[in-house]
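Chemist:
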Amino acid sequence: MAYLEQYNWDDIAPIPQNDGGENAVAPIAYSDEYRIAMEYLRAVMRVNEFSDRALKLTEDVIYMNAAHYTVWQYRTRILFALDKDLCQELIWVEGVGRRFTKNYQIWNHREVIIEKLGDPSRELPFIESMLELDSKNYHVWSYRQWLVRRFDLWATEVPFTDMMLELDVRNNSAWNHRFFAIFGRAEAVLSSVVDDEIEFTKSAIFTAPQNPSAWNYLLGVLKKSGRPLSDLEQFCLTLSDLTKTFPATSSSTTTSHEEDILSARAIEVLAEIYAERNDFPRATHAWTLLAERYDCVRENYWNFKKRSAVSRLAGCA
Amino acid sequence: MAAPYTPELNKVHNEKVPIQDSLITETSEMQDETARVCEGLILEGQLPNLNRSAHVEFLQVPLQNRLPASFTGLDASKPWIMYWPLQGISLLDPLALSPADSSRVSASVFACISPTEGGFGGGHGQIAHLASTYAALNALAISQDREAWSALDRKKIYGYLLAMKCEDGGFRMHHGGEEDVRAIYCALASAALLNIMTEELVAGSAEWISRCQTYEGGIGGAPDNEAHGGYAFCGLAALCLLGNPIETVPKYLDLANFIQWLSARQYQPEGGFSGRSNKLVDGCYSWWVGGCWAILEGLMPALRMGSDVIWSKADLQKYILCCCQSASGGLRDKPGKSADFYHSCYVLSGLSVVQHRYKISPQKRESKLGEWSLMWDYEAEDEKVVKVVAANAVGPLNPVHVLPWGVAEMMHDFYAKQ
Chain A
1 MAYLEQYNWD
11 DIAPIPQNDG
21 GENAVAPIAY
31 SDEYRIAMEY
41 LRAVMRVNEF
51 SDRALKLTED
61 VIYMNAAHYT
71 VWQYRTRILF
81 ALDKDLCQEL
91 IWVEGVGRRF
101 TKNYQIWNHR
111 EVIIEKLGDP
121 SRELPFIESM
131 LELDSKNYHV
141 WSYRQWLVRR
151 FDLWATEVPF
161 TDMMLELDVR
171 NNSAWNHRFF
181 AIFGRAEAVL
191 SSVVDDEIEF
201 TKSAIFTAPQ
211 NPSAWNYLLG
221 VLKKSGRPLS
231 DLEQFCLTLS
241 DLTKTFPATS
251 SSTTTSHEED
261 ILSARAIEVL
271 AEIYAERNDF
281 PRATHAWTLL
291 AERYDCVREN
301 YWNFKKRSAV
311 SRLAGCA
Chain B
1 MAAPYTPELN
11 KVHNEKVPIQ
21 DSLITETSEM
31 QDETARVCEG
41 LILEGQLPNL
51 NRSAHVEFLQ
61 VPLQNRLPAS
71 FTGLDASKPW
81 IMYWPLQGIS
91 LLDPLALSPA
101 DSSRVSASVF
111 ACISPTEGGF
121 GGGHGQIAHL
131 ASTYAALNAL
141 AISQDREAWS
151 ALDRKKIYGY
161 LLAMKCEDGG
171 FRMHHGGEED
181 VRAIYCALAS
191 AALLNIMTEE
201 LVAGSAEWIS
211 RCQTYEGGIG
221 GAPDNEAHGG
231 YAFCGLAALC
241 LLGNPIETVP
251 KYLDLANFIQ
261 WLSARQYQPE
271 GGFSGRSNKL
281 VDGCYSWWVG
291 GCWAILEGLM
301 PALRMGSDVI
311 WSKADLQKYI
321 LCCCQSASGG
331 LRDKPGKSAD
341 FYHSCYVLSG
351 LSVVQHRYKI
361 SPQKRESKLG
371 EWSLMWDYEA
381 EDEKVVKVVA
391 ANAVGPLNPV
401 HVLPWGVAEM
411 MHDFYAKQ
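One line per chain: the protein sequences are A and B, in this order. The numbers in our numbering rise by one with no breaks, and the one at position 296 of the first sequence is 296. The numbers in our numbering rise by one with no breaks, and the one at position 317 of the second sequence is 317.
Set out below in structure tokens:
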């Protein structure tokens, strides 16, 4: 262990682990290296020692257990107390991140360091390299949002999501980030920007008409910008032409028009549009198609939608 | 007006969805592979039994044995490796926990207290953490060790919870730590168990949660973050802790959008839930998403939304029994993954949601702050909705605290009577 080899610890009385007595539950048979390092860690933390040897100890502990949030927090306090080179720290953390890709303590640590440093220039390249390892890593995307807002880095963000969606149009994290990039700023969003987003998303839906991420984004943009759902009627009919299946004979949905149905979500949106204009027969027809054929596992939900529409209509009458 | 369509109940959906996009991406490849593997394990017309004894044995490991060094990664989560198995065993076979185990649990939990801060940390000598505090108190609740309950310094814990509160209404997980919706849930659930809920503690938190609801309808970890099943549960359950849920839930969430998103979490043919759009099913969301359904089912009658189950309990039961059971005991994310304590706890809690109907009964208690999470009742789910054979039955729970039913109530009342 580097901390033992490089520094003298003779003045420190290690504090043994107390799991709660002889009969403790969930004790772990640690390696000797880990057990001893933790004994020293408890001892130096107890006296709030901020020193180079303690810093080295935190490094060794993190390599053995990167999820140990206490040691990260202690490390930050040491770095600040000793006025350490924070750029050096960022480089070190990048190595930890690549070694333990699922670890998320590094993101809070980095946030604290960057906040103190006031310079985000290393961050976007590092984030991108981490997204190459896992393009939907929740903590990486959250960190990117913090960074963008904190340092006003909005200009890069829409093109960045263009690139990520080019790689995988089903990456929901990228869609969510795009929504943030467009609507997350304080100022109002221009109507032309909304138009562009709607067109962009419709094109994406044409490449994969079942993609829920693109649909959620489209509906989100519409709602956020106060546009009516009925704007989508023609678009939905292009993907799922219900005019050919309606009126259906009884509730039979084994139509001869299956080639006209490319998207279950288009049916769902049409149902909402019909229900909004109180066209209950058409809305019911759409929900029935979903329940009986195109999205059966959610049958109970589609029937709930039907019941809700019935009671709403009854309420109006 | 036509009579509402009557669904054929208890039906499972083992066939593929009829429309498959031709465009292939990394997401669709992983999805197709998962669906294929699950399909192979789903047997038409029959369900495997819950391998109860193997699962109990698996969950007894941390209670009865020393864990191998490979568990070092959970060294900062000690209260969790007590709570997860205790919750799982309680649902499977409460008699498998002895009073002797209880006092061992409480001694081990107490070893995690941060004496300077008052909250619980991930282990001895670690700084206090709200998730550790939540798991520690839940483990203590299940232990029902009243001596340990008496020994808790509730005033000090209250001070710790308040110290984690941020000016904007959220909470931080620990000193210098991240602010997210989990932290609100963990702090408020802890306060309810200890009967130390105050207006000061909850001020602004409902508004903070509301800001976490995304355009998709689900809830993210913090404002602007992606909607996620785990955070959705934390946000919804926190709203059930900080006020009368019949009022807070529709007030602070766009409920129609939330339900739409929640409904889209269930996949065919797998039957299980995913945590986010275009992600794979995972057994743990049987709880995080299923727990949301349990709460919503309890609120829907009071919100005039009917009393029918609006998702497929039969399909989730199918996913759990066919795909989440590891042959050597324990429950898992999906076929091909190893069982662990975390998944065992939340898959079994999800199975409890399948088998029970939860409802809130405000007349049970005085309508005041700190009591709202303790008014949940249950009954066995109607066999028209889902058939449950006795061999697979698990116990009921409190859907806000994720504790065996009655335990949170008992702990709270222990302090209320002091």
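Here a beta-carbon is modelled for each residue, glycine too, at the ideal position from N, C-alpha and C. On a predicted model such as this, the values are computed, not experimentally measured, just so you know.
(1) Using the beta-carbon count (16 or more within 10 Å), is Val432 (chain B) buried or exposed?
(2) Per DSSP, what are the beta-bridge partners of Trp376 (chain B) in this structure?
(3) So, does the CB of Asp60 (chain A) fall closer than 8 angstroms to a CB anywhere in chain E?
(4) DSSP three-state call for Ala26 (chain A): helix, strand or coil?
(5) Applying the 10 Å Cβ sphere with the 16-neighbour rule, what's the burial state of Arg312 (chain A)?
(6) CB Val148 (chain A) to CB Ala208 (chain A), shorter than 8 angstroms?
(7) Against Asp241 (chain A), what residues of chain B qualify as contacts under a CB-to-CB distance less than 9 angstroms, listed in chain order?
(8) Which residues in chain B sit within 7 angstroms of Phe180 (chain A), going by Cβ to Cβ distance?
(9) Measure the CB-CB distance between Arg146 (chain B) and Leu194 (chain B) and report whether it falls below 8 angstroms.
(10) With Lys223 (chain A) as the anchor, note down where its alpha helix (DSSP H) starts and where it stops.
(11) Is there at least one non-hydrogen atom of the ligand MN closer than 7 angstroms to the beta-carbon of Pro362 (chain B)?
(12) Does the beta carbon of Thr70 (chain A) sit closer than 8 angstroms to a beta carbon anywhere in chain B?
(13) How would you label Leu95 (chain B), buried or exposed, when you count the other beta carbons within 10 angstroms and need 16 or more for buried?
(14) Between Gln210 (chain A) and chain B, is any beta-carbon pair separated by less than 8 angstroms?
(15) With a threshold of 8 angstroms between beta carbons, is Asn278 (chain B) in contact with chain A?
(16) Determine, using beta-carbon pairs with one atom in the region 94-112 of chain B and one in the region 356-373 of chain B, whether at least three such pairs fall under 8 angstroms.
(17) In whole angstroms, give me the CA-to-CA distance for Ser31 (chain A) and Ala69 (chain B).
(18) Do we get a CB-CB distance below 8 angstroms when we pair Thr76 (chain A) with the residues of chain B?
(19) Under 9 angstroms between beta-carbons, which chain A residues line up against Lys16 (chain B)? List them in chain order, please.
(20) For Ile425 (chain B), would you say it is in contact with chain A, using Cβ-to-Cβ distances shorter than 8 angstroms as the test?
(21) Please say whether Leu239 (chain A) and Ala271 (chain A) have beta carbons closer to each other than 8 angstroms?
(22) Pop quiz: Gly170 (chain B) and Ile184 (chain B) are said to be a contact at Cβ under 8 angstroms. What is the actual Cβ separation, rounded to whole angstroms?
(23) Tell me whether Arg172 (chain B) sits in a helix, a strand or coil according to DSSP, three-state version.
(24) Is Pro14 (chain A) helix, strand or coil by DSSP?
(25) Cβ atoms of His175 (chain B) and Gln73 (chain A): under 8 angstroms apart, would you say?
(26) Measuring CA to CA, which of B:Leu299, B:Leu296, B:Pro269, B:Arg304 is closest to Ile320 (chain B)?
(27) Just to confirm my understanding: we take Ile205 (chain A), look at its own chain, exclude 5 residues before and 5 after, and list those with CB closer than 6 angstroms. What are they?
(28) Pick out whichever of B:Val309, B:Gln46, B:Cys345, B:Phe258 has its Cα sitting closest to the Cα of Ser210 (chain B).
(29) Are any of the Cβ atoms in chain A nearer than 8 angstroms to that of Pro94 (chain B)?
(30) Return helix, strand or coil for Ala66 (chain A), following the three-state DSSP convention.
(31) Please list the partners that Ala308 (chain B) has in chain A, where partner means a Cβ-to-Cβ separation under 9 angstroms.
(32) To which residues of the same chain is Asp333 (chain B) closer than 7 angstroms at the C-beta, ignoring the five residues directly before and after it?
(33) Of all the residues that make up the region 37-60 of chain B, which are near chain A by a beta-carbon distance shorter than 8 angstroms?
(34) Going by other Cβ atoms of all chains shown within 10 Å of its Cβ, with 16 needed for buried, is Ala3 (chain B) buried or exposed?
(35) Output the distance between the C-alpha atoms of Lys387 (chain B) and Trp405 (chain B), rounded to the nearest integer angstrom.
(36) Kindly indicate which residue of A:Ile28, A:Arg53, A:Asp19, A:Glu268 has the alpha-carbon position closest to the one of Tyr3 (chain A).
Modeler: Once the coordinates are examined:
(1) Residue 432 (chain B) cannot be examined here, being either before or after the span of chain B that is shown, 1 to 418.
(2) Your numbering for residue 376 (chain B) matches position 376 in the second sequence. According to DSSP, Trp376 (chain B) bridges with B:Ile360.
(3) Any reference to chain E falls outside this structure, whose protein chains are A and B.
(4) In the first sequence, residue 26 (chain A) corresponds to position 26, counting from 1. Residue state, collapsed to three classes: coil.
(5) Start at 1 with the first residue of the first sequence, and residue 312 (chain A) comes out as number 312. Arg312 (chain A) should be labelled exposed.
(6) As a working note, residue 148 (chain A) is residue 148 in the first sequence. As a working note, residue 208 (chain A) is residue 208 in the first sequence. In this structure, Ala208 (chain A) does not lie closer than 8 angstroms to Val148 (chain A) by Cβ.
(7) To locate residue 241 (chain A), count along the first sequence from 1; it is residue 241. Per Cβ cutoff of 9 angstroms: no residues; Asp241 (chain A) is ~14 angstroms from chain B at best.
(8) Numbered from its first residue, the first sequence carries residue 180 (chain A) at position 180. Here the neighbours are Asp224.
(9) Here residue 146 (chain B) is taken as the residue at index 146 of the second sequence, counted from 1. Here residue 194 (chain B) is taken as the residue at index 194 of the second sequence, counted from 1. For Arg146 (chain B) and Leu194 (chain B), no; Cβs fall outside 8 angstroms.
(10) Taking the first sequence and counting its residues from 1, one reaches residue 223 (chain A) at position 223. Where Lys223 (chain A) is concerned, the enclosing alpha helix (DSSP H) stretches over 212-224.
(11) Of ligands this structure carries none, so the ligand MN is not represented either.
(12) On the first sequence, residue 70 (chain A) is found 70 positions in, with the first residue counted as 1. It does; some Cβ of chain B falls within 8 angstroms.
(13) Here the question's residue 95 (chain B) lines up with position 95 in the second sequence. Exposed.
(14) In the first sequence, residue 210 (chain A) corresponds to position 210, counting from 1. So yes, Gln210 (chain A) belongs to the interface.
(15) For the purposes of this step, residue 278 (chain B) is taken as the residue at position 278 of the second sequence. It does; some Cβ of chain A falls within 8 angstroms.
(16) no
(17) Against the first sequence, residue 31 (chain A) aligns to sequence position 31. Against the second sequence, residue 69 (chain B) aligns to sequence position 69. Cα-Cα distance, rounded: 6 angstroms.
(18) As a first step, residue 76 (chain A) is located in the first sequence; it is residue number 76 there, counting from the start. Taking Cβ atoms only, chain B reaches closer than 8 angstroms to Thr76 (chain A), which makes this a yes.
(19) In the second sequence, counting from the first residue as 1, residue 16 (chain B) sits at position 16. Those do not exist, as Lys16 (chain B) stays about 10 angstroms from chain A at its closest Cβ, beyond 9 angstroms.
(20) Because chain B here runs from 1 to 418, residue 425 (chain B) falls outside it and cannot be looked at.
(21) Mapped onto the first sequence, residue 271 (chain A) falls at position 271. Mapped onto the first sequence, residue 239 (chain A) falls at position 239. Not closer than 8 angstroms, so no.
(22) Position 170 of the second sequence holds residue 170 (chain B). Position 184 of the second sequence holds residue 184 (chain B). With a Cβ gap of about 6 angstroms, Gly170 (chain B) and Ile184 (chain B) count as contacting.
(23) The sequence position of residue 172 (chain B) within the second sequence is 172, counting from 1. Three-state result, Arg172 (chain B): strand.
(24) By one-based count along the first sequence, residue 14 (chain A) stands at place 14. Here Pro14 (chain A) sits in coil by DSSP.
(25) Here residue 73 (chain A) refers to the residue found at position 73 when the first sequence is read from its first residue. Here residue 175 (chain B) refers to the residue found at position 175 when the second sequence is read from its first residue. Result yes, Cβ atoms of Gln73 (chain A) and His175 (chain B) sit closer than 8 angstroms.
(26) Start at 1 with the first residue of the second sequence, and residue 320 (chain B) comes out as number 320. Ranking the options by Cα distance to Ile320 (chain B), first place goes to B:Pro269.
(27) The residue given as residue 205 (chain A) occupies position 205 in the first sequence. The answer, listed in chain order, is Ala214.
(28) Indexing the second sequence from 1 puts residue 210 (chain B) at position 210. Per the Cα distances, B:Phe258.
(29) Position 94 of the second sequence, counted from the start, is the residue given in the question as residue 94 (chain B). Answer no: the Cβ-Cβ gap between Pro94 (chain B) and chain A never drops below 8 angstroms.
(30) Indexing the first sequence from 1 puts residue 66 (chain A) at position 66. It is coil, neither helix nor strand.
(31) Here residue 308 (chain B) refers to the residue found at position 308 when the second sequence is read from its first residue. Note on residue identity: the sequence assigns Asp, not Ala, to residue 308 (chain B). Asn300, Asn303, Phe304, Arg307, listed in chain order.
(32) Start at 1 with the first residue of the second sequence, and residue 333 (chain B) comes out as number 333. Closer than 7 angstroms at the Cβ level, and outside the excluded window around Asp333 (chain B), lie Asp282, Gly283, Cys284, His343.
(33) none
(34) Translated into the one-based positions of the second sequence, residue 3 (chain B) becomes position 3. Residue placement at Ala3 (chain B) cannot be trusted, given a pLDDT of 42 that sits under 50; what the coordinates show is reported in the next sentence. Its Cβ having fewer than 16 others within 10 Å, Ala3 (chain B) is exposed.
(35) Here residue 387 (chain B) refers to the residue found at position 387 of the second sequence. Here residue 405 (chain B) refers to the residue found at position 405 of the second sequence. Approximately 21 angstroms between the Cα atoms of the pair.
(36) Counting from one through the first sequence, the residue named residue 3 (chain A) turns up at place 3. Ranking the options by Cα distance to Tyr3 (chain A), first place goes to A:Arg53.
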